[in-house]
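Novice: For the working numbering, add 899 to where a residue sits in the sequence shown, where the first one is 1.
Backbone N, C-alpha and C fix where the C-beta goes; we use that ideal spot for every residue, glycine too.
Just so you know, these numbers come straight off a predicted model, no measurement behind them.
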Amino acid sequence: MAELVAARPEGLWCEPGRFFIDPSQPVERALITHAHGDHAYAGSARYLAAREGEQVLRARLGDIALETLDWGRRIDVNGVQVSFHPAGHVLGAAQIRLAHGGETWVVSGDYRLEADRSCSAFEPVRCDVFVTESTFALPIYRWRPQREVIDEILHWWADNAGASRASVLFCYALGKAQRILAGLADAADASLPGVIVCHGAVASMNRAYRASGVALPPTSTVDEVERAALRRALVLAPPSAARSPWLRRFGTASDAFASGWMQLRGTRRRRAIDRGFVLSDHADWPGLNAAIDATGASRVVATHGYADVLVRWLRERGLDASRFATPLESESSEEGNGR
Ligand SMILES: [Zn+2]
Ligand SMILES: [Zn+2]
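1) On the criterion of 16 or more Cβ atoms from any shown chain inside 10 Å, does His999 qualify as buried, or is it exposed?
2) Mind checking who Asp1154 pairs with in its DSSP beta bridge?
3) Taking the beta strand (DSSP E) that Glu1013 belongs to, which residues open and close that run?
4) Looking at His984 and ligand 1, is the gap between the Cβ and the nearest heavy atom below 6 Å?
5) Name the two residues that bound the continuous beta strand (DSSP E) containing Tyr946.
6) If we count Cβ pairs, one from each stretch, closer than 8 Å, do we get three or more for the segment 1106-1116 versus the segment 1143-1152?
7) Count the other CB atoms within 10 Å of the CB of Asn977; is the residue buried (16 or more) or exposed (fewer)?
8) Grab the span of the alpha helix (DSSP H) containing Leu1209 for me, first residue to last.
9) Between which residues of its own chain and Thr1120 is the CB-CB distance below 8 Å, once the five residues before and five after are set aside?
10) For Ala1224 versus Leu1213, is the C-beta distance shorter than 7 Å?
11) Got a sec? Which residues, its chain only, sit under 7 Å from Arg1041 by beta carbon, not counting five neighbours each side?
12) Give the straight-line distance between the Cα atoms of Glu1051 and Pro1138, rounded to the nearest whole angstrom.
13) Can you give me the start and stop residues for the beta strand (DSSP E) that Arg1109 sits inside?
14) Can the beta-carbon of Thr967 be found less than 7 Å from the beta-carbon of Glu953?
15) By the three-class DSSP mapping on this structure, what secondary structure does Arg917 have?
16) Is the beta carbon of Asp1015 less than 7 Å from the beta carbon of Gln980?
17) Quick check on Ala1110 - is its C-beta less than 7 Å from some C-beta in chain C?
18) List the whole-angstrom C-beta distance separating Ala934 from Gly991, where the pair is believed to meet the contact cut-off of C-beta under 8 Å.
19) How big is the Cα-Cα spacing for Asp1122 and Arg1131?
20) Residue ranges of each beta strand (DSSP E) run of no fewer than 3 residues wholly in the segment 1131-1210, ordered along the chain?
Following this line, the structure appears as structure tokens:
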């Protein structure tokens, strides 16, 4: 009998359900874990995703034929029972549970265990087979609590503002930026050190978050802010905006990058930026292990990242572990090498 989920060049294929999960090519029916560029592609005939991510997904893919599901609601797709469960990664990010022929699989998508108010918190789902991401599956990756990192960002910004220097913080436009915005608003006791200016790519995701009911602090576009105020501003921009003419508007600025990869010595230096803040929307090594344990799965399939390391480790622990060969391992420019 065919496996319930198998890797195909287009994406993860569910044979009995006749659908793909996160296909990278146009297909008849696509189930989407989340709206990041390496998971949500345009061109498929029909989409199914978690309701929480509807605004974000539409902002990314435009006018698609999209059906959405509330968390935990089970529907039948060609005899496969399908439901979506929060992955805690970005707004609307889901783990997809599939039950068929007495077997339950969960496809994790990307996930993060530390909860915050920018999206629904990760929820462990019991299953027989867990298809897990493994982006940061090395024992060196251990995140500090988000609150500590946000405080660091706040201090860096306040110091720069005190010296009349803009603070340019590179971060992914979908998810990371809104997590930082919500975190800063919650962490600042009184008022923030200055205005927050967002690059257009970040602003459009902010709109989708606000439309979904996530409260974010006020943000401006560069044209809305007076020159003097720009020198005290925090600027949120995607990494792709580095060295763009847009950035020249801020004059001499301090720059930083918020990403899990900042834990690697040398990453910051190679990117020639002043500061690196270790803040990831993915599970760290203890998080991956905790999530895998919580599923109760006897079989684990790793995708995405350091899959081989995770597989070896899980086999040593007596689990049936393997990896999906993902021919499309290259991530989009969005998540790229800076998740
Ligand atoms: Zn992602
Ligand atoms: Zn991803």
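Specialist: According to the structure shown:
1) Residue environment analysis places His999 among the buried positions, since at least 16 neighbouring C-beta atoms fall within 10 angstroms of its C-beta.
2) Val1067
3) Glu1013 -> no beta strand (DSSP E), and no H or E assigned at all.
4) no
5) From DSSP, the beta strand (DSSP E) with Tyr946 extends over 945-949.
6) With the cut-off at 8 Å, the segment 1106-1116 and the segment 1143-1152 do not touch.
7) exposed
8) Taken as a continuous stretch (DSSP letters only), the alpha helix (DSSP H) holding Leu1209 covers 1206-1215.
9) Val1096, Cys1097, Gly1099, Ala1102
10) Ala1224 places its beta carbon 7 Å or farther from that of Leu1213.
11) Excluding sequence positions up to five before and after Arg1041, its CB lies within less than 7 Å of the CB of Asp1183, Trp1184, Pro1185, all in the same chain and listed in chain order.
12) Answer to the nearest angstrom: the Cα atoms are 20 Å apart.
13) Here Arg1109 belongs to no beta strand (DSSP E); instead the alpha helix (DSSP H) covers 1099-1110.
14) yes
15) coil
16) No, these two residues do not count as a Cβ contact at 7 Å.
17) Protein chains in the displayed structure number just one, and chain C is not present.
18) 7 Å
19) 15 Å
20) 1133-1136, 1152-1157, 1174-1176, 1198-1204
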